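What follows is a single structure, written as structure tokens, with notes after it.
Residue numbers (my numbering): 1296 to 1563.
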């Protein structure tokens, strides 16, 4: 029993290690006073103020400093999301997907914010805004699961998440909402190069349900956003399913015609 548990944990070693570090860091920060906590978050933040001064270490450190409420609220969902991705894609690819979202989305958002401040579209106060946490990386991992979803359900899955991202950006209009959407797309793009995923099991399906629910609440984190994102997400999923379904029907009809004529599809 004990060795079975060890083997299971070894399959999600990156998830376990990251969760353990988050628990240690969060616990240590919480033991400090409010001023010390504020100072740590400020130094770890990947805002324009820090990045423009060459504090590139924040791109790494910020993933381990979480300012998102009690750890027992968000950690179980995060663990499920990372665990299912690690089971499907293995440890190395999980790290690649998470890093692509965390670092890639941060830098792209920073470029956009710099342009907005220079053009006078946004106040310079945004250069010192707090920007720490794992949400960009988690969004990319959520996007990376797209390529692991069974082909039959990929259109609905993709249509749902893209529509949800659009709704969140449209309602929130905050740079973090844009970052989440960018990270989600980056995860989808990166995972398209991952190749074949591991077969789904009952455990991984259960983890997907919990992890994707966490991802959804992470993106749409207010009452109005939840309602609009759900409606638009269902519309996007249905639209994608209809469009791809029609194309699938045409391909199947063409294949059936070729077989009825005694031809093998793809062979002249």
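All residues carry an ideal CB built from backbone N, CA and C; glycine is no exception.
Computed from a prediction, not measured in an experiment: that's the story for all the values here.
Remark: C-beta atoms of residue 1324 and residue 1316 do not approach each other more closely than 9 Å. With contacts defined by Cβ atoms closer than 9 Å, residue 1309 and residue 1386 form a contacting pair. In the DSSP assignment, residue 1432 falls within the alpha helix (DSSP H) that extends over 1430 to 1439. Note on residue 1500: under 16 other CB atoms within 10 angstroms of its CB, so exposed under the neighbour-count rule.
Closest option to residue 1496, judged by alpha-carbon separation, among 1380, 1349, 1538, 1345: 1380. Relative to residue 1366, the option among 1319, 1529, 1389 whose CA is nearest is 1319.
With fewer than 16 other beta carbons inside 10 angstroms of its own, residue 1490 counts as exposed. Taken atom to atom, the span from the alpha-carbon of residue 1321 to that of residue 1514 is near 22 Å. Residue 1465 sits away from residue 1363, with the two beta carbons spaced by 9 Å or more.
In the structure shown, residue 1403 adopts helical secondary structure according to DSSP, grouped into three states. In this structure, residue 1376 and residue 1433 form a Cβ contact; the two beta carbons are roughly 6 Å apart against a cut-off of 8 Å. In this structure, residue 1524 lies near residue 1463, with their beta-carbon atoms less than 9 Å apart. 1401 is the residue among 1441, 1401, 1430 whose C-alpha sits nearest the C-alpha of residue 1422. The closest CA to that of residue 1359, considering only 1341, 1484, 1538, 1527, is found on 1341. Boundaries for residue 1489: no alpha helix (DSSP H) harbours it, and the DSSP string shows neither H nor E there. Under the 8 Å Cβ criterion, the region 1411 to 1418 does not count as touching the region 1346 to 1356, having fewer than three qualifying pairs.
Residue environment: residue 1439 is assigned as buried (16 or more neighbouring CB atoms within 10 Å of its CB, all protein chains considered). Each of 1373, 1452, 1312 was checked against the Cα of residue 1530, and the nearest Cα belongs to 1452. DSSP assignment within the region 1321 to 1370 yields the following whole alpha helix (DSSP H) runs of 4 residues or more, N-terminal first: 1329 to 1339, 1343 to 1347, 1353 to 1356.
With 16 or more other Cβ atoms from the protein chains shown falling within 10 Å of its own Cβ, residue 1343 counts as buried.
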